[in-house]
Amino acid sequence: QEREVHVIGTYGNASYNSYRTPDRLVPKDWFNVKLVQRGPLTKPLVLVVSSYYPMAWDLDVPDGVYIDIVHVSEQTSFSSSSQVSAPSGKVGRTVIDWISYGYGYDHTGGSTAVLLQNVNDLYGPVTSFTGYQHFKSVILQVGGDPLEVLDNPAS
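Be aware that the sequence shown starts at -1, since it is given in our numbering, and climbs by one per residue.
In structure tokens, the structure reads:
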């Protein structure tokens, strides 16, 4: 089945983004992913969010957009402490499973190529990849033509 697959990768940072309990790291801040509909969604939408450290992902999903699968990839040694928040009825299934991490600059040990290959193997060709070492908010355009550039993506 063809899908529209978007990947967001980040390193995160233990000292900035999480605190330690006796058995795991726990995210302390929410990181916002605002989805903006560029055009019609003609395929099921998959969002893969990947980080080395646990993250709390806040998905801002507009009316008319439904995410079939949110796949959270985090280090298994952190006891699956990442979290996802999305409006009710906007996400079909959430998977938390380590498939690698990478954010485009892999000097800290990540592997963007491995992450993207693993995503391709699971869900099909990747529509877009966005990578950050650290971030608080990102706008992700979905639907329509992925090569189209919007003048004002926040609207």
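All C-beta atoms, glycine included, are put in the ideal place defined by N, C-alpha and C. Keep in mind it's a predicted model, so treat the numbers as computed, not measured.
- The beta carbons of Val93 and Val124 sit no closer together than 8 Å.
- If you draw a straight line from the Cα of Gly90 to the Cα of Pro60, it is about 15 Å long.
- Distances from the CA of Leu114 to each of Gln(-1), Gly7, Phe133 and Tyr51 were compared; the closest alpha carbon is that of Gly7.
- DSSP places Val117 in the helix class (H, G or I) of the three-state scheme.
- Apart from sequence neighbours up to five positions away, the residues of its chain that approach Ile67 with a beta-carbon distance below 7 Å are Val44, Gly90, Arg91 and Val93, ordered along the chain.
- Residue pairing for Ala54: DSSP places it in a beta bridge opposite Trp28 and Gln81.
- The criterion of a C-beta distance shorter than 8 Å is not satisfied by Glu72 and Ser83.
- Where Gly90 is concerned, the enclosing beta strand (DSSP E) starts and stops at Val89 to Ile94.
- With contacts defined as CB atoms closer than 8 Å, Ser135 and Tyr99 fail to qualify as a contacting pair.
- Inclusion of Val34 and Gly122 in the CB contact set at 8 Å is not warranted, their separation being larger than that value.
- In terms of Cβ geometry, Thr110 and Gly129 form a close pair [threshold 8 Å].
- Note: Leu138 is bridge-paired with Leu33 in the DSSP secondary-structure output.
- Ala54 has its alpha-carbon roughly 28 Å from the corresponding atom of Thr40.
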